[in-house]
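Novice:
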Amino acid sequence: MVEIHLPLYAPAKPNAPPPPSHRTLKTTMPEHAPILPVIAAEVAALAPGFRALSLTVEAAPIVRPEIADRAVERACQALARGEPDWAEAHLAAWAEAFRRFGAKPQRTPCSAEALRKRALRDGGLPSIDPVVDLYNAISVQFAIPVGGENLAAYAGTPRLVVADGSETFDTLKNGEAVDESPDPGEVVWRDDLGVTCRRWNWRQGVRTRLDASARRMWFILESLPEMPLAALHEAGGLLLDELRLMMPGMRADSRLLCVATEPTDSV
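What follows is the structure, given as structure tokens:
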């Protein structure tokens, strides 16, 4: 596990090499460099203590799709028991972070809250495909926003930034492909071509959307201080463990991204 501290005092620069203080791990992905997303200082200021796990996966053929079904069942059972005990505080912290950039979390909540509400209402989650179902299950079980992206569709480095309103976001309306623009000041994930996810982790675009046929996958698990760090590691570890069961032979790299208020070395 690599731990990377992103200081608030300097703006993030897309495609910049990591500073010397960043430690490196012996990766299990020799053919591809792991993804190291950029988090803009303006975003970090909206959510002090923001931490994320960045998981880069080189996929293998899926041989056990039922792993996802079991994960969804386990997640819904945990939710019905009111687990985890810090979930309400974590989701409330996300709602407050959304308000800070002008979003209305009652209407556009973070992805984890939306999934948990749907699972409670419907008694389960809709099945999309094994990989998406699995990371949605992790999101529900751990009350954490989890995003999955097809790296083959990415142009440049994933960046978490404050939008100026001129960016494009590809989505669907009434089954038709349309381009939208985020609101000025909205927190978005983006690459060199445009926005890949609006309102931080609320709605994913079409272009980079992940499915089980993707050969290179990127997952981002996003947490605030109300979620214990040990639980963040547990969520990421469980996602990787179950992906390995689902697709034996897959390779993965895991990076912990921490935002620091002052310059700090990796530990």
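Its first residue numbered 1, the sequence shown is counted upward by one per residue in UniProt numbering. Here a beta-carbon is modelled for each residue, glycine too, at the ideal position from N, C-alpha and C. Source: prediction; values computed, not measured.
With DSSP as the reference, please indicate the residues paired to residue 247 in a beta bridge.
Specialist: Looking at the DSSP output, residue 247 bridges to nothing.
Novice: Once DSSP output is grouped into helix, strand and coil, what is the label at residue 52?
Specialist: strand
Novice: What's the gap between the Cα of residue 169 and the Cα of residue 112?
Specialist: 21 Å
Novice: Considering only the alpha carbon of each residue, which of 69, 183, 147, 97 lies closest to residue 52?
Specialist: 147
Novice: Among residues of its own chain, excluding the 5 on either side of residue 10, which ones have a beta-carbon nearer than 6 Å to its beta-carbon?
Specialist: At residue 10, the pLDDT of 34 sits below 50, so the modelled position is not reliable; the number obtained from the coordinates is stated separately. Cβ within range, chain order: n/a, list empty.
Novice: Residue range of the alpha helix (DSSP H) that residue 131 falls in?
Specialist: 130 to 142
Novice: Given residue 86, which residues of its chain have a CB within under 8 Å of its CB, disregarding the five upstream and five downstream residues?
Specialist: Around residue 86: 143, 226, 227, 228, 231.
Novice: Starting from residue 94, trace the alpha helix (DSSP H) in both directions and tell me its first and last residue.
Specialist: Counting along the chain, the alpha helix (DSSP H) containing residue 94 begins and ends at 87 to 100.
Novice: Going by Cα to Cα distance, which pick from 241, 57, 184, 237 is closest to residue 36?
Specialist: 57
Novice: If you follow the beta strand (DSSP E) that residue 223 is in, where does it begin and where does it stop?
Specialist: 216 to 223
Novice: Rounding to the nearest angstrom, what Cα-Cα distance links residue 191 and residue 65 in this structure?
Specialist: 30 Å
Novice: How many Å lie between residue 108 and residue 199 at the Cα?
Specialist: 8 Å
Novice: Given this structure, state the Cα-to-Cα distance separating residue 74 from residue 249, to the nearest angstrom.
Specialist: 24 Å
Novice: Which residues does DSSP pair with residue 254 in a beta bridge?
Specialist: 55
Novice: May I ask you to verify whether the stretch 207 to 214 touches the stretch 174 to 186, counting CB pairs closer than 8 Å and requiring at least 3?
Specialist: no
Novice: Residue 67 and residue 246 look like a contact to me (Cβ under 8 Å); what is the Cβ gap, rounded to whole Å?
Specialist: 4 Å
Novice: Closer than 7 Å by C-beta to residue 155: which residues in its own chain qualify, once you throw out the five before and the five after it? Chain order, please.
Specialist: 191, 192, 193
Novice: What's the call for residue 172, buried or exposed, on a 16-neighbour Cβ count within 10 Å?
Specialist: exposed
Novice: Measure the C-alpha to C-alpha separation of residue 268 and residue 165 and round it to an integer number of angstroms.
Specialist: Coverage of the chain is limited to positions 1 through 267, which leaves residue 268 absent and any answer about it impossible.
Novice: If I measure Cβ to Cβ from residue 235 and keep anything under 7 Å in the same chain, skipping five residues before and after, which residues do I get?
Specialist: 138, 142, 144, 221
Novice: With distances taken Cα to Cα, identify the nearest neighbour of residue 135 among 252, 251, 243, 88.
Specialist: 243
Novice: In terms of alpha-carbon separation, which member of 124, 196, 106, 233 lies closest to residue 161?
Specialist: Selection 124, 196, 106, 233 evaluated against residue 161 yields 196 as nearest (Cα-Cα).
Novice: If you measure between the beta carbons of residue 215 and residue 59, is that distance less than 8 Å?
Specialist: yes
Novice: In its own chain, which residues sit with a C-beta less than 6 Å from the C-beta of residue 78, not counting the 5 before and 5 after it?
Specialist: 141
Novice: Buried or exposed: residue 223, going by 16 or more other Cβ atoms within 10 Å of its Cβ?
Specialist: buried
Novice: Does the distance from the CB of residue 45 to the CB of residue 97 come in under 8 Å?
Specialist: No, the pair does not count as a contact, with Cβ atoms beyond the cut-off.
Novice: In its own chain, which residues sit with a C-beta less than 6 Å from the C-beta of residue 149, not counting the 5 before and 5 after it?
Specialist: 208, 210, 218
Novice: Go to residue 177, then tell me how far its alpha helix (DSSP H) extends in each direction, as first and last residue.
Specialist: Counting along the chain, residue 177 falls outside any alpha helix (DSSP H), though it belongs to the beta strand (DSSP E) covering 176 to 180.
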